[in-house]
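A quick write-up on the structure given underneath.
Protein chains in written order, with this note's numbering: chain G, 1 to 103; chain H, 1 to 164; chain Y, 1 to 288; chain Z, 1 to 105.
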């Protein structure tokens with residue numbers, strides 16, 4: 001099964017720009033399905049980015065983040081070919097992790 | 001201390017933040033090398049803040065203090081969201097020593113949408129896509145040097161997308 | 001219920017009245033079918049109506065019509081929401097069926113860079129063959145059950161095929177066969193025929209009112225509308241094919257949709273694609 | 001617009017028809033007849049490839065009322081469905097030639 005995480009990390013000059021897109025329903029728990037039943041909350045709560053053994057960014061998310069969530073940030077440092085580790089955990093305890101090469 | 005919502009983690013968080021503020025007053029500035037450790041101590045998911053209905057309660061649960069509007073916080077958001085299910089919103093700031101950014105939507109059933117921790121060395125600019133139930137004020141809070149600054153903007157939603 | 005009935009009835013009556021009156025208007029139609037002239041007039045209509053929109057930008061639907069929307073779209077395109085579907089399609093495309101063959105074996109050039117030639121008119125069968133139909137026929141010929149025409153796997157496969165054709169101009173041919181011309185004409189008729197309780201045709205929204213809002217949505221121009229298929233629609237929270245677009249359009253105007261890939265839909269796709277000849281393939285697309 | 005009067009007259013006339021029929025005492029037989037007529041008209045619209053979703057919805061509402069024993073309501077709904085189906089037939093028939101007026105040429 002392919003990873004749920006897509007990462008694009010691009011080093012230019014002194015900074016590395018990171019964009020991530022994750023496949024996840026991000027159900028808020030406030031929406032009803034076609035039958036009128038509440039779709040239970042199911043969303044990523046925490047997403048972390050690690051570079052060189054150090055945390056460079058943490059996202060704490062609620063059910064108000066869009067389906068297939070997207071985030072973009074940048075950090076100082078990072079070289080082409082280096083690895084960036086990305087992990088998430090959702091409110092049901094599911095997790096996924098991937099490692100992306102900085103371009 | 002401010003009003004604390006249910007949950008142990010929130011209590012712990014507020015206390016920690018209080019300690020941070022004290023350190024700030026005492027030392028003038030937090031030494032640079034301490035910043036990552038400070039961030040690491042805060043890596044717990046802020047459960048209570050994500051349960052608060054109003055943005056004021058969420059900000060209190062998250063930071064234990066209130067935010068002041070600042071023109072140094074710039075929010076980029078559409079005038080009219082193409083669809084409430086996917087509203088691209090980003091923040092940039094010229095403030096120094098930013099430790100976190102949070103996005104809130106007043107009219108959503110849960111006001112707090114996302115909160116980002118910014119360790120030293122990470123730029124304080126973040127872009128993301130959020131859901132909006134209806135036309136609402138969107139608030140971005142930036143925590144910098146232990147203080148809170150905010151910007152807000154009304155985004156019109158014609159197709160509601162809370163959870164879409 | 002009472003009020004609702006009254007509204008329904010009143011609108012039915014209005015539609016009636018409008019129809020009765022309008023049908024007495026003189027018809028300026030001539031009976032000759034001339035696709036070349038049609039396409040020219042069709043494209044001119046849109047370029048005249050929207051002189052600021054670049055020709056190749058018409059494939060971007062509502063985004064070509066509104067600046068605030070255009071910005072939101074560009075932000076989304078940084079990491080587009082159809083990315084997962086596209087990847088799934090790519091994986092599926094070369095994966096062998098139980099028969100040992102794959103989709104690649106069903107198409108010219110192994111299916112790469114050919115989307116702009118669909119739909120085409122099959123002179124053996126005497127009918128229009130769309131890409132979606134060809135994909136399901138490929139499955140069935142290899143002993144696999146067909147996919148639903150509206151989303152998921154079908155959207156993923158067509159997304160991948162469109163992606164490999166991005167930038168290539170739509171290139172639909174009408175062979176010298178009276179049946180091909182009839183299919184084209186039938187598609188045109190479907191496009192302009194008002195249907196449903198709202199008494200709307202495809203043209204009511206996508207020719208007369210692109211750029212305007214209907215309820216909350218900004219309408220896309222008909223020119224190039226098929227070039228962006230399949231699309232990730234935020235309103236659907238997911239992908240949808242050309243079939244999905246046609247059937248949902250019909251139900252939105254309170255008409256009972258046909259089944260996907262019924263002759264009418266194949267023909268209207270043939271017509272719409274033909275009059276969009278020359279515009280680049282831009283699928284998969286993202287839409288509000 | 002010169003056709004305004006004509007249009008509203010038609011609306012009024014149609015509404016009056018329904019008002020009268022709704023007042024008539026309803027029986028199961030009345031309902032069955034009205035429902036059959038509506039279904040037949042909708043079937044014809046289907047042959048013309050032009051059914052309206054509202055016809056189907058109104059037919060379903062008629063059936064629901066009938067199942068609950070409310071034949072007045074059921075008969076009125078069935079007649080409304082028939083009117084909708086007939087309007088869709090009229091639409092399909094007149095559009096056979098009229099669509100050309102909209103064509104870009």
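From the three backbone atoms N, C-alpha and C, an ideal C-beta is built for every residue, glycine too.
On a predicted model such as this, the values are computed, not experimentally measured, just so you know.
Buried is the label assigned to residue 86(G), since at least 16 other Cβ atoms lie within 10 Å of its Cβ. Look at residue 269(Y): its C-beta is not under 9 Å from any C-beta on chain Z. Contact with chain Y is found for residue 90(H), since one of that chain's Cβ atoms lies less than 9 Å from the residue's Cβ. Not flagged as an interface residue toward chain G: residue 284(Y), since no C-beta distance is shorter than 9 Å. Between the alpha carbons of residue 43(Y) and residue 58(Y) lies a distance of about 10 Å.
At least one C-beta of chain Y is nearer than 9 Å to the C-beta of residue 80(H). Contact check for residue 284(Y) against residue 149(Y) fails: the beta carbons are separated by 9 Å or more. Cα atoms of residue 139(H) and residue 73(G): separation of roughly 19 Å, rounded to the nearest angstrom.
The beta-carbon of residue 151(Y) is placed no less than 9 Å from the nearest beta-carbon of chain H. In the displayed model, residue 75(H) falls within a strand according to three-state DSSP. At a cut-off of 9 Å between C-beta atoms, residue 84(Y) counts as an interface residue with respect to chain G.
Counted as a single uninterrupted DSSP element, the stretch harbouring residue 186(Y) is not any beta strand (DSSP E) but the alpha helix (DSSP H) occupying residues 178 to 192.
Excluding residues up to 5 positions away in sequence, 219, 220, 221, 222, 225 lie with their Cβ nearer than 7 Å to the Cβ of residue 206(Y) in the same chain.
By alpha-carbon distance to residue 287(Y), the top candidate from 53(H), 104(H), 83(H) is 83(H).
The Cβ neighbour count for residue 201(Y), taken over all protein chains shown within 10 Å, is at least 16; the residue is labelled buried. When C-beta atoms of the segment 54 to 71 of chain H are compared with those of the segment 92 to 105 of chain H, three or more pairs fall below 8 Å, so the two segments count as touching. Here residue 89(Z) carries a helix assignment [DSSP, helix/strand/coil]. Interface criterion not met: the Cβ of residue 96(G) is under 9 Å from no Cβ in chain Y. Look at residue 239(Y) here: in three-state DSSP terms it is strand. Distances from the alpha-carbon of residue 58(H) to those of 37(G), 83(G), 62(G) put 62(G) closest. In the same chain as residue 97(Y), and ignoring 5 residues on each side of it, the C-beta atoms closer than 8 Å to its own belong to 139, 142, 143, 144, in chain order. Exposure of residue 213(Y) is indicated by the presence of fewer than 16 other C-beta atoms within 10 angstroms of its C-beta.
Beta-bridge annotation (DSSP): residue 150(Y) is not paired with any residue.
For the beta strand (DSSP E) assignment, the uninterrupted runs of no fewer than 3 residues enclosed by the segment 67 to 139 of chain Y are, from N- to C-terminal side, 120 to 122, 127 to 129. A Cβ-Cβ contact shorter than 9 Å links residue 270(Y) with residue 187(Y). In this model, residue 20(G) and residue 8(G) are separated by some 6 Å (Cα to Cα).
By the Cβ test, the segment 170 to 184 of chain Y is not in contact with the segment 228 to 235 of chain Y, since fewer than three Cβ pairs between them sit closer than 8 Å. Within 7 Å of the CB of residue 72(Y), the CB atoms of chain H belong to 78, 82, 88, in sequence order along the chain. The beta carbons of residue 85(H) and residue 72(Y) sit no closer together than 9 Å. Straight-line spacing of the CA atoms in residue 161(Y) and residue 254(Y) works out to 32 Å.
In this structure, the alpha-carbon of residue 248(Y) lies about 38 Å from that of residue 97(G).
By the criterion of a C-beta distance shorter than 7 Å, residue 113(H) is surrounded in its chain by 103, 104, 105, 130, once the five residues flanking it on both sides are discounted.
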